[in-house]
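S.K.:
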Amino acid sequence: MQQYKSSVKHSFSQRILTWFDQHGRKDLPWQQQKSSYSVWISEIMLQQTQVTTVIPYYQRFMQSFPDVRALAKAEQDEVLHHWTGLGYYARARNLHKAAQTIVSEHAGIFPHTLEQVMALPGIGRSTAAAILSLAHKQHHSILDGNVKRTLGRHAAIEGWPGNKAVETQLWELADNLTPSKRTDDYNQAMMDMGATLCTRSSPACTRCPVAEDCQGFKLGRPTDFPGKKAKKVIPARSTFMLIPQWQNNVLLYKRPPSGIWGGLWGFYQIENLEELAKQTAELGLSEFSLEFLLPFRHTFSHFHLDIQPLLLLMSQAPSYAQVQDNQQVWYDLKQPPALGLAAPTQQILASLKTNQCISNSKL
198 MQQYKSSVKH SFSQRILTWF DQHGRKDLPW QQQKSSYSVW ISEIMLQQTQ
248 VTTVIPYYQR FMQSFPDVRA LAKAEQDEVL HHWTGLGYYA RARNLHKAAQ
298 TIVSEHAGIF PHTLEQVMAL PGIGRSTAAA ILSLAHKQHH SILDGNVKRT
348 LGRHAAIEGW PGNKAVETQL WELADNLTPS KRTDDYNQAM MDMGATLCTR
398 SSPACTRCPV AEDCQGFKLG RPTDFPGKKA KKVIPARSTF MLIPQWQNNV
448 LLYKRPPSGI WGGLWGFYQI ENLEELAKQT AELGLSEFSL EFLLPFRHTF
498 SHFHLDIQPL LLLMSQAPSY AQVQDNQQVW YDLKQPPALG LAAPTQQILA
548 SLKTNQCISN SKL
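Below, the structure is given as structure tokens:
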């Protein structure tokens, strides 16, 4: 790893700040009237999600939950409904839990020490440091994905950042380079650098303010740093999703609070057609025709899920009395309730609403 002398460290941060003053992003919604709350919400939403995707979600979220008390008082379904489409739903569940913790243990005031912030659900060291530095100008270094990439290339750090030893190197580098003054602008600049210049596959090295002493650039292979995780073959699984439909209503159920799509609403699933009769009997469904809708693939970070939707067109009205314990709902396609929906559920519902779910065959 490149060793940074004090003069180089000062020069590095000054060049980053000069670039930020000229080119940094300063008009994002969460940068206006900054607070711990607004920065916190934006930082969680921006994890593994592009800025352009986040902006409309952030605006809707803040309109519905303008402060931590409003978020803490909300029902989880309402929070997940506002998160539908952003993915990685554990982020939303943890936001909700953390808001309730802030209200119950901190009198509704966002904590101001790194240790207290890190103790909140869903907040790690880098996110806590970002909140405190951006909202309160505290001196903390950050190490999100963009910063890991920028620093890893500049110092030509070999190895995957998910490796503990490599991550330790990167934290040492981040701590050494983060200035004590204008820490908020520097941290924002480093995030902007990784998002706009030092991008994953096509870094704009000729416009980079620190290219002259970037070791990855000097070696002529900046995209080799930091190292990448060894590729694994992503396995594929398959499932059938059951879509009982009566007129404009389809049956959804609320998934368990943990695991894939935890706490979200979705369709009942079976692994094979042999389970169909048992599942429909348990749901009290009889008298229906079955249609195979167009299958599609949903990809998670660690596996593919091949989904075959099965439309159960009911020939008689369902027994609404069978919907119990607020764990099932007949979802009205014309007047949809505000529920948190898993992405494949949302995709199927959108197709049903526009009559785009064309069947392949009938049973």
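Numbering (this note's numbering), first residue to last: 198 to 560.
All C-beta atoms, glycine included, are put in the ideal place defined by N, C-alpha and C.
(1) Would you identify the three-state DSSP class for residue 494, choosing helix, strand or coil?
(2) Have a look at the DSSP bridge pairing and note the partners of residue 291.
(3) With H, G and I counted as helix, E and B as strand and the rest as coil, what does DSSP make of residue 380?
(4) Ignore the nearest five residues each way along the sequence and tell me which others in residue 258's own chain have a CB closer than 7 Å to its CB.
(5) Do the region 410-425 and the region 446-466 meet, that is, are 3 or more Cβ pairs less than 8 Å apart?
(6) Quick check: residue 330 and residue 393, are their CB atoms within less than 7 Å of each other?
(7) Looking at the C-beta of residue 511, does it have a partner C-beta in chain B at a distance below 7 Å?
(8) Tell me the DSSP bridge mates of residue 188?
(9) So what's residue 526 in DSSP terms, helix, strand or just coil?
(10) Just to confirm before moving on: does the CB-CB distance between residue 549 and residue 439 stay below 7 Å?
(11) Alpha carbon to alpha carbon, how far is residue 246 from residue 543? Give it in angstroms, no decimals.
(12) Below 8 Å CB to CB, which residues in the same chain sit around residue 427 once its five sequence neighbours on both sides are set aside?
(13) Which stretch, first to last residue, makes up the beta strand (DSSP E) that contains residue 542?
(14) Going by beta carbon distance, what residues of the same chain come within less than 7 Å of residue 277, once the five residues before and after it are set aside?
(15) Nearest to residue 464 by CA position, among 382, 295, 527, is which residue?
(16) For residue 413, is the classification buried or exposed, using 16 other Cβ atoms within 10 angstroms of its Cβ as the cut-off for buried?
(17) Residue 541: which of 436, 472, 348 sits nearest, CA to CA?
(18) Looking at residue 502 and residue 441, is the spacing between their C-beta atoms short of 7 Å?
M.R.: Straight from the coordinates:
(1) Within the sequence shown, the letter at position 297 stands for residue 494. Residue 494 falls in the strand class under three-state DSSP.
(2) Translated into the one-based positions of the sequence shown, residue 291 becomes position 94. Bridge partners of residue 291: none, in fact.
(3) On the sequence shown, position 183 is the one that residue 380 refers to. DSSP, read as helix, strand or coil, puts residue 380 in helix.
(4) The residue you call residue 258 lines up with position 61 of the sequence shown. Hits under 7 Å: 238, 279.
(5) Under the 8 Å Cβ criterion, the region 410-425 does not count as touching the region 446-466, having fewer than three qualifying pairs.
(6) For the purposes of this step, residue 330 is identified with residue 133 of the sequence shown, where counting begins at 1. For the purposes of this step, residue 393 is identified with residue 196 of the sequence shown, where counting begins at 1. Not in contact: residue 330 and residue 393 (Cβ atoms no closer than 7 Å).
(7) In the displayed structure, chain B is absent; only one protein chain is listed.
(8) Absent from the structure is residue 188, since the part of the chain shown begins at 198 and ends at 560.
(9) In the sequence shown, counting from the first residue as 1, residue 526 sits at position 329. Residue state, collapsed to three classes: strand.
(10) Sequence index remark: in the sequence shown, residue 549 carries index 352 (1-based). Sequence index remark: in the sequence shown, residue 439 carries index 242 (1-based). The Cβ atoms of residue 549 and residue 439 do not sit closer than 7 Å to each other.
(11) Within the sequence shown, residue 543 is the residue found at index 346, counting from 1. Within the sequence shown, residue 246 is the residue found at index 49, counting from 1. Straight-line Cα distance between these residues: approximately 19 Å.
(12) Here residue 427 refers to the residue found at position 230 of the sequence shown. Hits under 8 Å: 357.
(13) Taking the sequence shown and counting its residues from 1, the one referred to as residue 542 is at position 345. Run containing residue 542: none in the beta strand (DSSP E); it sits in the alpha helix (DSSP H), 540-550.
(14) Taking the first residue of the sequence shown as position 1, residue 277 is located at position 80. Here the set comprises 286, 289, 460, 461, 537.
(15) Here the question's residue 464 lines up with position 267 in the sequence shown. Of the listed residues, the one whose Cα sits closest to residue 464 is 527.
(16) Against the sequence shown, residue 413 aligns to sequence position 216. With 16 or more other Cβ atoms within 10 Å, it is buried.
(17) Stepping through the sequence shown from its first residue, residue 541 is reached at position 344. Ranking the options by Cα distance to residue 541, first place goes to 436.
(18) Here residue 441 corresponds to residue number 244 of the sequence shown, with the count starting at 1. Here residue 502 corresponds to residue number 305 of the sequence shown, with the count starting at 1. Taking 7 Å as the Cβ cut-off, residue 441 and residue 502 do not qualify as a contacting pair.
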